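Student: Take a look at this one; I'll ask things after.
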Amino acid sequence: SSLTYLFVGSDINVDIHIVTTWSDCSCMIFWLFVADAVRPVSGSLTVWLNHSQSSANVELISFLYDGAKVAIDGSIDIWLHLDHVHARLLEHNIVLGKNISLKTLPKLTVASHNVTAAHGANIDTLDQQKLFYMMSRGLTKEQSQTLLVNWYIEYVLAHFKEIGDKEKKRVYSTLVK
Numbered sequence: 006s007s008l009t010y011l012f013v014g015s016d017i018n019v020d021i022h023i024v025t026t027w028s029d030c031s032c033m034i035f036w037l038f039v040a041d042a043v044r045p046v047s048g049s050l051t052v053w054l055n056h057s058q059s060s061a062n063v064e065l066i067s068f069l070y071d072g073a074k075v076a077i078d079g080s081i082d083i084w085l086h087l088d089h090v091h092a093r094l095l096e097h098n099i100v101l102g103k104n105i106s107l108k109t110l111p112k113l114t115v116a117s118h119n120v121t122a123a124h125g126a127n128i129d130t131l132d133q134q135k136l137f138y139m140m141s142r143g144l145t146k147e148q149s150q151t152l153l154v155n156w157y158i159e160y161v162l163a164h165f166k167e168i169g170d171k172e173k174k175r176v177y178s179t180l181v182k
């Protein structure tokens, strides 16, 4: 069985817990959020893999504007005596402003031996060469930033073929300034 989740938000404080309930369970989770001076974000996302031959792929993507206050904890816990478990947790934090407070803690707890697992976090600005290229073609800095932010959103939405235009517009209206 395969499950795919998409969480989108701003000005949120949430704790999400997902537990696999059988072998051969696969889950893919994306969490897109935007934060600025008036929309803080805090929360945690925990995935417990407690059956063999299960997997989790988790990506947390944040867009951080001026004055953002963010505290996010993502974790995957792999229980004892499991075989053929795959886990991946990545946190992408895209800095688009100044005076940002960011606490991020990707955590991977592995209690079994036969697993493939990885975790990490990056804190980065948008690619300056790409911004320069777009601006040299006549786009403003804001338009160039919006195009690059849209790329991240499209990357995530490509995993959700069933999302219609109305839902996509709501995602964009929540995330793009």
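Counting with our numbering, you get residues 6 to 182 for the letters of the sequence shown.
Note that the Cβ used here is the ideal one computed from N, Cα and C, for glycine as well.
Keep in mind it's a predicted model, so treat the numbers as computed, not measured.
Could you say which of 126, 103, 73 lies nearest to residue 43 if we only look at CA atoms?
Tutor: 73
Student: Starting from residue 64, trace the alpha helix (DSSP H) both ways and give me its first and last residue.
Tutor: Bounds of any alpha helix (DSSP H) do not take in residue 64; it lies within the beta strand (DSSP E) bounded by 60 to 69.
Student: Provide the residue span of the alpha helix (DSSP H) that contains residue 155, from first to last.
Tutor: 146 to 162
Student: For the region 10 to 87, which segments carrying the beta strand (DSSP E) assignment without a break, of at least 3 residues, lie completely within its bounds, in sequence order?
Tutor: 17 to 24, 31 to 40, 46 to 54, 60 to 69, 74 to 83
Student: Under three-state DSSP, which class holds residue 171?
Tutor: helix
Student: Rounded to whole angstroms, how far is the Cβ of residue 181 from the Cβ of residue 155, which I believe are closer than 8 Å?
Tutor: 7 Å
Student: Our contact map puts residue 15 next to residue 39 with C-beta atoms below 8 Å; I'd like the distance itself, whole angstroms only.
Tutor: 5 Å
Student: Output needed for residue 29: all residues of its chain with C-beta closer than 6 Å, excluding positions within five of it in sequence on either side, in chain order.
Tutor: 58
Student: With the cut-off set at 8 Å, would you say residue 104 and residue 71 are in Cβ contact?
Tutor: yes
Student: Can you tell which of 93, 178, 36, 99 has the C-alpha that lies nearest to the C-alpha of residue 133?
Tutor: 99
Student: To the nearest angstrom, report how far apart residue 76 and residue 109 are at their CA atoms.
Tutor: 6 Å
Student: Residue range of the beta strand (DSSP E) that residue 110 falls in?
Tutor: Counting along the chain, the beta strand (DSSP E) containing residue 110 begins and ends at 106 to 115.
Student: Give me the Cα-Cα distance between residue 63 and residue 117, rounded to the nearest whole angstrom.
Tutor: 19 Å
Student: Quick one: what's got a C-beta closer than 6 Å to residue 82's C-beta in the same chain, skipping five residues either side?
Tutor: 53, 114
Student: One question on the structure: do residue 144 and residue 102 come within less than 8 Å of each other, judged by their Cβ atoms?
Tutor: no
Student: Based on the DSSP output, what are the partners of residue 120 in its beta bridges?
Tutor: 90
Student: Report the three-state DSSP secondary structure of residue 8 (helix, strand or coil).
Tutor: strand
Student: Is it right to say residue 150 is buried, meaning 16 or more other beta carbons lie within 10 angstroms of its own, or is it exposed?
Tutor: Residue 150 sits buried, since 16 or more C-beta atoms from the chains shown fall within 10 Å of its C-beta.
Student: Looking only at DSSP bridge pairs, what is residue 131 linked to?
Tutor: In the DSSP output, where bridge partners are listed per residue, residue 131 has none listed.
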